[in-house]
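Trainee:
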Amino acid sequence: FSQEEIKKRTGAYAADYVEQGMTIGLGTGSTVYWLLQELGKRVQSGLHFRAVPTSRQTQTLATELGIPLADLNNVDQLALTLDGADEIAPGLQLIKGGGGALLQEKIVAAASKQLIIIADENKVVNTLGKFPLPVEVIPFGWKQVQKKVMQQLGCQLVELREKNGGTFVSDHGHYILDCHFGQISDPAELNEALHLIPGVVETGLFVSMADIAVVGYADGRITTTT
Ligand code: DER
2 FSQEEIKKRT GAYAADYVEQ GMTIGLGTGS TVYWLLQELG KRVQSGLHFR
52 AVPTSRQTQT LATELGIPLA DLNNVDQLAL TLDGADEIAP GLQLIKGGGG
102 ALLQEKIVAA ASKQLIIIAD ENKVVNTLGK FPLPVEVIPF GWKQVQKKVM
152 QQLGCQLVEL REKNGGTFVS DHGHYILDCH FGQISDPAEL NEALHLIPGV
202 VETGLFVSMA DIAVVGYADG RITTTT
């Protein structure tokens, strides 16, 4: 199967986690895109649930598909959140944020009883860090954060994310620094160190947050890891 077909199969497979009457979190990205397509079909066939989106992109797509939305401030706890990831390491430690939605994704994930990650096999790694770690920062003085990540945390390359020839701005008006650590041996420690830098809003390190990873493979297998 092609990567897109793997994403489609994995996204559709994960729709089974959504049960009648649930209020859930809906992630962001190209794998979640296919989950949404499947959930849209099931809504047409009578499945009732409500969803808190993790980005404007997901909110728009969910609305187009007839998926009822909920405001996180009207919810005590979400039954589960289904979301993608950029890297999945042992212990289900994650790097997320490739799609630029990490802040809202982490808030929604933290409000959920369960975080279920859906991904293709390319996301599974032994150690985090080959994928540049997204760090969401306030625009004011972002170069100070860049300098500290390089000088204090020893990151060789820290790039301000660009989009369509300009600086990328997140749904919440922030910038993203993509930090090329190469290898992150202690995600928890790095996450804490980053949060101590004034101007850092959130990081793409989802440490001990995921409960299940649903991974699709080119040979057609779909595995579920807890
Ligand atoms: O930004 C994110 O964390 C998204 O979940 C995204 O990176 C997932 O990647 P995908 O588009 O390959 O599913």
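Residues in the sequence shown are numbered from 2 upward in steps of one, following the UniProt record's numbering. In this text, a Cβ means the ideal position worked out from N, Cα and C, and glycines have one as well.
Verify the contact flag: T29, CB atom, against every heavy atom of the ligand ZN, threshold strictly below 7 Å.
Mentor: With respect to the ligand ZN, the structure shown offers nothing to examine, as its ligands consist of the ligand DER.
Trainee: With 8 Å set as the bound, which would you pick, yes or no: does the beta-carbon of L197 sit closer than that to a beta-carbon of chain D?
Mentor: In the structure shown, chain D does not exist; there is a single protein chain.
Trainee: Using the C-alpha atoms, what's the distance from H175 back to P140?
Mentor: One C-alpha to the other measures close to 6 Å.
Trainee: I need the straight-line Cα distance from S209 to V44, nearest angstrom please.
Mentor: Between S209 and V44, the C-alpha separation is close to 32 Å.
Trainee: So who's on the other strand from K164, going by DSSP bridges?
Mentor: Answer by DSSP bridge pairing, in chain order: G167.
Trainee: Does DSSP put I139 in a helix, in a strand, or in coil?
Mentor: Reduced to three states, the DSSP call for I139 is coil.
Trainee: For N192, count the other beta carbons within 10 Å of its own beta carbon; 16 or more makes it buried, fewer makes it exposed. Which is it?
Mentor: So N192 counts as buried.
Trainee: Express the C-alpha separation of S56 and S171 in angstroms, rounding to a whole number.
Mentor: Rounded to the nearest angstrom, the two C-alpha atoms are 9 Å apart.
Trainee: Would G205 and S113 qualify as a contact pair, given that the criterion is a beta-carbon distance under 8 Å?
Mentor: It is not a contact, given that the beta carbons lie outside the stated cut-off.
Trainee: Under 8 Å, do L116 and Q147 count as touching if we go by C-beta distance?
Mentor: No. Outside cutoff.
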